[in-house]
Amino acid sequence: MLAEAYQILVSGENRRQLGTFFTPPAIVRYMVDAVLAILRERPYYIVDPGAGVGAFTVSARQIWPTSTTISVDLNVVTLGLLAARVDSRVKGRSKKGHGPVELVPQDYLEWISRDWPKLEGPRLVLGNPPYTRHQQMTAGQKKRAKEAAGSLVTSGLAGLSAYFLAATINALRPADSLCLLLPGSWCETRYGRELRDWLWHSRRRRVEVDLFPSTVEVFPGTQVTAMILSVGPEQKSRQPFVARALDLTESRGRQSVVKKTEVTIDRGGPCPPSFARLTAIKSARTRAVNSLSLGSVATIRRGVATGANHFFFLSDAERRREGLPDKALRPALVKASHCPSDTLDLEAHEAIGAAGAPRWLLDMNGCDAAETDEDLKSYLSRGKALGVHNRHLALQRKFWHTVELVATPDIFLAPVGKGCHRVIRNEAGAVGSNNLYGIYLGPLAPWNSQQLAAWLRSEDGQLSLQNLSRQYQGGSSKLEPRSLRSLAVPVEYSV
Numbered sequence: 138m139l140a141e142a143y144q145i146l147v148s149g150e151n152r153r154q155l156g157t158f159f160t161p162p163a164i165v166r167y168m169v170d171a172v173l174a175i176l177r178e179r180p181y182y183i184v185d186p187g188a189g190v191g192a193f194t195v196s197a198r199q200i201w202p203t204s205t206t207i208s209v210d211l212n213v214v215t216l217g218l219l220a221a222r223v224d225s226r227v228k229g230r231s232k233k234g235h236g237p238v239e240l241v242p243q244d245y246l247e248w249i250s251r252d253w254p255k256l257e258g259p260r261l262v263l264g265n266p267p268y269t270r271h272q273q274m275t276a277g278q279k280k281r282a283k284e285a286a287g288s289l290v291t292s293g294l295a296g297l298s299a300y301f302l303a304a305t306i307n308a309l310r311p312a313d314s315l316c317l318l319l320p321g322s323w324c325e326t327r328y329g330r331e332l333r334d335w336l337w338h339s340r341r342r343r344v345e346v347d348l349f350p351s352t353v354e355v356f357p358g359t360q361v362t363a364m365i366l367s368v369g370p371e372q373k374s375r376q377p378f379v380a381r382a383l384d385l386t387e388s389r390g391r392q393s394v395v396k397k398t399e400v401t402i403d404r405g406g407p408c409p410p411s412f413a414r415l416t417a418i419k420s421a422r423t424r425a426v427n428s429l430s431l432g433s434v435a436t437i438r439r440g441v442a443t444g445a446n447h448f449f450f451l452s453d454a455e456r457r458r459e460g461l462p463d464k465a466l467r468p469a470l471v472k473a474s475h476c477p478s479d480t481l482d483l484e485a486h487e488a489i490g491a492a493g494a495p496r497w498l499l500d501m502n503g504c505d506a507a508e509t510d511e512d513l514k515s516y517l518s519r520g521k522a523l524g525v526h527n528r529h530l531a532l533q534r535k536f537w538h539t540v541e542l543v544a545t546p547d548i549f550l551a552p553v554g555k556g557c558h559r560v561i562r563n564e565a566g567a568v569g570s571n572n573l574y575g576i577y578l579g580p581l582a583p584w585n586s587q588q589l590a591a592w593l594r595s596e597d598g599q600l601s602l603q604n605l606s607r608q609y610q611g612g613s614s615k616l617e618p619r620s621l622r623s624l625a626v627p628v629e630y631s632v
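Residue numbering for the sequence shown follows the numbering used here, beginning at 138 and increasing consecutively.
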């Protein structure tokens, strides 16, 4: 009811600016249970950062009634609603033995640097920080946030929740703990690298990473992937790193959080490049066999970045209409979806042309016909009339119409997929667009293109690719070249 009141009082634009999302009761219950399982003793103080209308504040009062609960929120509207809620919760009861609730209308990042150190005893940070994106933060806000985060956030692309997490980690004493509901993006993006590294190497603290699938709407009506991070107090012995896959189910109008998968991961090795697929790490059988990182025996790079694909990639009909010379064109693959099979041979390449899709790249490298061939001169003039020569990439080139020279790869791989990543052997000698990655096998590679492509398409191969990919709301995943270079491929794989 209070959440609805807030939506009436505050405009949608301002809600997005503040990054306010209200936590469903089922997730609040799950997080409180998670905290109870990792604490050594009752916290003297429970801090609710970005308290909103107080879902965590009210729960903390119920579970730890003698502790002091501190609700910090810059949003005075939600804090005012929380004040009414806390008052209604204690009305008619004896307040004897109950710790106070302190409502703090202040920026949490300022509060934790100034007032948090004054609090004695075990402390717990429990809540749902604001999901404000970096584009919605002012320069002044980013500067203050970076000061609070220190070395744990060095990228300017971090959202406010990442700064909340970093500032909280920096402020932890050995007896302190945290449990936060966060956007899932920091688990795999560059701006979360230092945070992941700290969690991975804090081996005397129990760390739990609970991941919701990207297809689940944790916050109804929003496109936000969420996860739960729990960090326990320091112990004398080495503590486990636990990853779980969660789901949100509903029965008779009541939601519940369900554990789908749980794995305990050895923190002896280097920090994984992504936390988003931790629950699947043990499922890939190739980790138990002799393997090589793909980047140690192969080169991975994007295809040709033209800056104007509609102009530089041509269909058969466009090629005939323009009369362009053969020496100015190269066979090409623009999208994986254009290829009708798992092998791009001459027959498949011709099928792309028959379907009307572009399959030729205008490549002027080594071609001196720009000044002598009238058809080519006419086509380039048309490109200038369209402003192609003034596009960003064209301006970076010595000759605007001469694209970067890219060699023919052995294998094309689609960096974006939904359920799987397309793997296409390149027997047609085609060059790819920047929609595709090209894999170039080196002389020390223990497999040929057929063997490697077969493994990449296999269940283990696809699972390994998913382990390295970024997950997005709606079920899509995306691979980055750096992650792909670290892909562990079994040395022996036969087709």
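Even for Gly, the Cβ is constructed at its ideal location relative to N, Cα and C.
Within the region 248-328, complete beta strand (DSSP E) segments of at least 3 residues are found at 260-264 and 314-320, given in chain order.
Look at residue 540 here: in three-state DSSP terms it is coil, with no helix or strand label.
Pairing residue 495 with residue 451 gives a Cβ-Cβ distance under 8 Å.
Its chain contains 395 and 397 as the residues whose beta carbon lies nearer than 6 Å to that of residue 384, once the 5 sequence neighbours on both sides are disregarded; these appear in chain order. With respect to the 8 Å criterion, residue 344 and residue 262 are not classified as neighbours on the basis of their beta carbons.
Inter-residue distance for residue 324 and residue 625 is about 20 Å (C-alpha atoms, whole angstroms). By the neighbour-count criterion, in which a residue is buried when 16 or more other Cβ atoms sit within 10 angstroms of its Cβ, residue 170 is exposed. For residue 475, the number of other beta carbons within 10 angstroms of its own is at least 16, and it is reported as buried.
About 42 Å separates the CB atoms of residue 457 and residue 603; that is not less than 8 Å, and the two are not in contact.
Every beta strand (DSSP E) stretch that sits fully inside the region 151-217 and reaches 3 residues is listed by chain position as 182-186 and 205-209.
Distance between residue 555 and residue 162, taken at the CA atoms: about 30 Å. The region 540-553 makes contact with the region 570-587: 3 or more CB pairs, one atom from each, lie closer than 8 Å.
In this structure, DSSP gives residue 554 an extended state, which the three-state scheme calls strand. Contact between residue 292 and residue 607 does not hold, since their C-beta atoms are separated by about 15 Å, which reaches or exceeds 8 Å. Cβ atoms of residue 364 and residue 346 come within 8 Å of each other, at about 7 Å. Contact check for residue 333 and residue 618: beta-carbon distance about 19 Å, past the 8 Å limit, so the pair fails to qualify. For the set 369, 351 and 223, the Cα lying nearest the Cα of residue 361 is the one of 351. Exclusion of the five residues before and after residue 244 leaves 211 as the residues of its chain whose Cβ lies within less than 6 Å of its Cβ.
Taking a 10 Å sphere around the C-beta of residue 536, we find fewer than 16 other C-beta atoms and assign the residue as exposed.
Look at residue 493 here: in three-state DSSP terms it is coil, with no helix or strand label. In this structure, the straight-line span from the alpha carbon of residue 431 to that of residue 590 is close to 12 Å. Taking every protein chain shown into account, the CB of residue 543 has 16 or more other CB atoms within 10 angstroms, so this residue is buried. When beta bridges are read from the DSSP output, residue 378 appears opposite 344 and 402.
The shortest C-alpha to C-alpha distance from residue 315 to any of 173, 501, 200 and 523 is the one to 173. Looking at the backbone, the Cα of residue 446 and that of residue 572 are separated by about 10 Å.
The beta carbons of residue 282 and residue 297 sit closer together than 8 Å.
Counting C-beta atoms within 10 angstroms of its own C-beta, residue 621 has 16 or more neighbours from the protein chains shown and is therefore classed as buried. With a beta-carbon spacing of about 4 Å, residue 593 and residue 560 fall inside the 8 Å limit used to define contacts. Boundaries for residue 353: no beta strand (DSSP E) harbours it, and the DSSP string shows neither H nor E there. From the listed residues 182, 311 and 399, the smallest Cα separation to residue 349 is found for 399. Annotation for residue 257: 181 place their beta carbon closer than 8 Å to its own, counting only its chain and skipping 5 residues before and after.
Rounded to whole angstroms, the separation of the alpha carbons of residue 313 and residue 166 is 20 Å. Beta-bridge analysis with DSSP links residue 477 to no other residue.
Spatial neighbours of residue 467 in its own chain (CB-CB distance under 8 Å, excluding positions within 5 residues in sequence) are listed in chain order as 497, 498, 500, 567 and 568. DSSP, read as helix, strand or coil, puts residue 336 in helix. The alpha-carbon of residue 290 is positioned some 9 Å away from that of residue 304.
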